[in-house]
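Visitor: Have a look at this one.
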Amino acid sequence: MRIATWNVNSVKQRTEHLVAWLKEASPDVVCLQELKCVDEAFPALEIEAAGYNIAVHGQKAFNGVAILSKHPIEDVVRGLPGDEADVQSRYIEAVVSTATGVVRVASIYLPNGNPLGTEKFPYKLGWMDRLIARAQELLKLEEPLVLAGDYNVIPTALDAKFPEAWAGDALAQPESRGKFRQLLSLGFTDALRACDPDGATYTFWDYQAGAWQRNNGIRIDHLLLSPQAADRLADCRVAKHVRAWDKPSDHVPVYVDLML
DNA sequence: ATGGCGGTGGAGCACCGA
Numbered sequence: 008m009r010i011a012t013w014n015v016n017s018v019k020q021r022t023e024h025l026v027a028w029l030k031e032a033s034p035d036v037v038c039l040q041e042l043k044c045v046d047e048a049f050p051a052l053e054i055e056a057a058g059y060n061i062a063v064h065g066q067k068a069f070n071g072v073a074i075l076s077k078h079p080i081e082d083v084v085r086g087l088p089g090d091e092a093d094v095q096s097r098y099i100e101a102v103v104s105t106a107t108g109v110v111r112v113a114s115i116y117l118p119n120g121n122p123l124g125t126e127k128f129p130y131k132l133g134w135m136d137r138l139i140a141r142a143q144e145l146l147k148l149e150e151p152l153v154l155a156g157d158y159n160v161i162p163t164a165l166d167a168k169f170p171e172a173w174a175g176d177a178l179a180q181p182e183s184r185g186k187f188r189q190l191l192s193l194g195f196t197d198a199l200r201a202c203d204p205d206g207a208t209y210t211f212w213d214y215q216a217g218a219w220q221r222n223n224g225i226r227i228d229h230l231l232l233s234p235q236a237a238d239r240l241a242d243c244r245v246a247k248h249v250r251a252w253d254k255p256s257d258h259v260p261v262y263v264d265l266m267l
């Protein structure tokens with residue numbers, strides 16, 4: 008079973024890319040982030056025509072997450088539990104059933120947190136605390152679980168071309184990295200790091216300053232696997248070539264192959 | 001680090017977000 012994550016930076020602007028990559032890579036499940044549209048505006052006809060069921064948690068202009076699946080989608084949870092006042096659409100979770108088993112998947116769009124010194128950074132850290140709490144609950148189920156998405160965290164210096172350039176950025180703060188490690192320490196496996204231990208593999212290249220041409224990238228899109236999913240991990244890859252397509256997202260797809 | 005992108009409102013372009 009192939010499970011992917013991709014921050015598309017507006018699904019309306021990226022529908023052609025999305026359909027092209029679905030056909031190329033044939034993932035079973037795709038976690039999308041930054042839809043930047045309400046549920047009604049999601050390009051459902053095009054995605055369904057490509058053979059996918061859809062669960063959407065959209066929002067006007069900003070955020071928005073979705074789960075696509077070739078298999079039935081059940082038990083959908085929209086919104087990260089733990090704060091009724093949080094109206095930002097950054098989390099959707101569901102169970103995907105296949106003939107060979109069941110996997111629980113979450114599509115995560117963790118807050119960016121910039122600029123430091125504003126309310127955005129504590130919002131990010133608080134959101135991470137809620138994610139940790141949710142992950143603890145889900146781990147109790149002792150089932151294959153994949154928490155996939157744009158974490159907006161550069162876990163270590165190995166995960167940036169120019170780590171020193173990110174020193175003052177919310178993505179690389181010790182508090183952000185500490186909470187990411189706290190999440191991992193619950194028992195998750197960082198799938199890409201497990202398959203590609205040497206670093207220098209990136210998932211995001213800024214639109215500015217020729218970042219792509221200089222390979223000035225960072226690794227911020229992660230697939231975290233519960234022990235029951237990690238036991239079945241066959242491979243994890245980055246679809247880097249997609250960044251060179253015309254009018255690309257600034258993120259590329261990342262996907263795992265699980266022996267499920 | 002800064003050479004860009006997509007959203008909104010409202011009808012040309014400032015401003016926001018990331």
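For the first sequence, my numbering assigns the number 8 to the initial residue and increments by one for each residue that follows. Backbone N, C-alpha and C define an ideal beta-carbon position, used for all residues, glycine too.
(1) Below 8 Å on the Cβ atoms is my guess for L42 versus A62; work out the distance and round it to an integer in Å.
(2) Hey, could you find the ends of the alpha helix (DSSP H) Q189 is sitting in?
(3) Can you find the residues in the same chain that come closer than 7 Å, C-beta to C-beta, to W28, ignoring five residues on each side of it along the sequence?
(4) What does the alpha-carbon distance come out to for the pair Q189 and E55?
(5) Select from A207, T107, K168, D213 the residue whose C-alpha is nearest the C-alpha of M266.
(6) On a CA-only basis, which of I99, T125, S17, L52 is nearest A113? Give me that one, please.
(7) Quick one: what does DSSP say V37 is sitting in, helix, strand or coil?
(8) Check whether the segment 221 to 232 touches the segment 149 to 166, counting contact only when three or more Cβ pairs, one atom from each stretch, lie closer than 8 Å.
(9) Between G89 and E126, what straight-line distance do the alpha-carbon atoms span, to the nearest angstrom?
(10) When you compare only the Cα positions, how much space is there between G120 and T22?
(11) Less than 6 Å between C-beta atoms, sequence neighbours within five positions excluded: which residues of the same chain meet that for T196?
(12) Give the straight-line distance between the Cα atoms of Q143 and E81, rounded to the nearest whole angstrom.
(13) What does the Cβ neighbour count give for A11, buried or exposed, with the cut at 16 atoms within 10 Å?
(14) Counting along the chain, where does the alpha helix (DSSP H) carrying D136 start and finish?
(15) Which residues does DSSP list as the beta-bridge partners of A101?
(16) Please list the terminal residues of the continuous beta strand (DSSP E) segment that includes I80.
(17) Would the beta-carbon of A57 fall within 8 Å of that of K30?
(18) Should G65 and S96 be called a contact, given that it needs their Cβ atoms to be closer than 8 Å?
(19) Let me know the alpha helix (DSSP H) ranges lying completely inside the segment 41 to 71, each 4 residues or longer, listed in chain order.
(20) Quick one: give me the first and last residue of the beta strand (DSSP E) that T12 is part of.
(21) Count the other CB atoms within 10 Å of the CB of Y214; is the residue buried (16 or more) or exposed (fewer)?
(22) For the putative contact between R137 and L87, defined by C-beta atoms under 8 Å, what is the C-beta separation to the nearest angstrom?
(23) Kindly list the residues whose CB is nearer than 8 Å to the CB of K168, restricted to its own chain and excluding five residues on each side of it in sequence; keep chain order.
(24) Could you tell me which residues DSSP puts in a beta bridge with R244?
(25) Which residues bound the beta strand (DSSP E) around L231?
Guide: A quick look at the data gives this:
(1) With a Cβ gap of about 12 Å, L42 and A62 do not count as contacting.
(2) Q189: member of the alpha helix (DSSP H) spanning 181 to 192, first to last residue.
(3) Shown here for W28: same chain residues with a beta carbon closer than 7 Å to its own, the five before and five after excluded, namely A246, V249, P260 in chain order.
(4) Taken atom to atom, the span from the alpha-carbon of Q189 to that of E55 is near 37 Å.
(5) T107
(6) I99
(7) strand
(8) yes
(9) 18 Å
(10) 27 Å
(11) L232, A237
(12) 21 Å
(13) buried
(14) 127 to 146
(15) V112
(16) 80 to 85
(17) Their beta carbons are under 8 Å apart, which means A57 touches K30 by this criterion.
(18) yes
(19) 51 to 56
(20) 9 to 14
(21) exposed
(22) Going by Cβ atoms, the distance from R137 to L87 rounds to 5 Å, so yes, they are a contact pair.
(23) A207, Y209, R221, N222, N223, G224, I225
(24) Y262
(25) 228 to 232
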